[in-house]
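Numbering (full-length UniProt numbering), first residue to last: 1 to 175. From the three backbone atoms N, C-alpha and C, an ideal C-beta is built for every residue, glycine too.
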């Protein structure tokens, strides 16, 4: 189970998915999410909308289960394997301009990150969830990106976490 975490921060997982060229999968967020209360990017002035897959850990769910679920829900990818897990939980606060969309329950996220190897091909990506799944589409587009170009495309409040995660997994990505 998850260690006791600060309850002000939503427990989440993050997925750094790499291909056989050590490029990283990133998706471009849809600016208006069709789920009540979660238009988290639509009013943000900085339009750096690219990010790696991430999402909440459901009650009773282990982080490893959550990362496979979130990756599938957001990308359609199933043929992946874990290469590494972050040594600790990363945490960031969400700016007040976006925080209102969370209705005061959380002030940010605390994330366990996973380095995943994509074993399939690009045709496996499916950004549109099954309409019966209850999930909503989070990404409008996706691409494989070189690690050194990631930070310039990420929304400001996630940049520091991404920098640390890129550094932590740097040597493993190069194997």
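Distances from the CA of residue 157 to each of 147, 58, 131, 90 were compared; the closest alpha carbon is that of 90. For the pair residue 8 and residue 140, the CB atoms are not nearer than the 7 angstroms cut-off. Here the alpha carbon of residue 118 sits roughly 29 angstroms from the alpha carbon of residue 94. 124 is the residue among 163, 124, 61, 149 whose C-alpha sits nearest the C-alpha of residue 75. Straight-line measurement puts the Cα of residue 132 at about 20 angstroms from the Cα of residue 56. Residue 68 and residue 78 have their C-alpha atoms some 8 angstroms from each other.
Counting of Cβ neighbours within 10 angstroms places residue 162 among the buried residues, the total reaching 16 or more. In the three-state reduction of the DSSP assignment, residue 26 falls in the strand class, which pools E and B. Collapsing the DSSP output to three states places residue 13 in a strand. By the criterion of a C-beta distance shorter than 7 angstroms, residue 154 is surrounded in its chain by 48, 50, 51, 162, once the five residues flanking it on both sides are discounted. Scanning 171, 135, 136, 143 for the CA closest to the CA of residue 19 turns up 143. Under the DSSP assignment, residue 110 falls in the beta strand (DSSP E) whose first and last residues are 108-118. Note on geometry: alpha-carbon atoms of residue 108 and residue 120 lie some 33 angstroms from one another.
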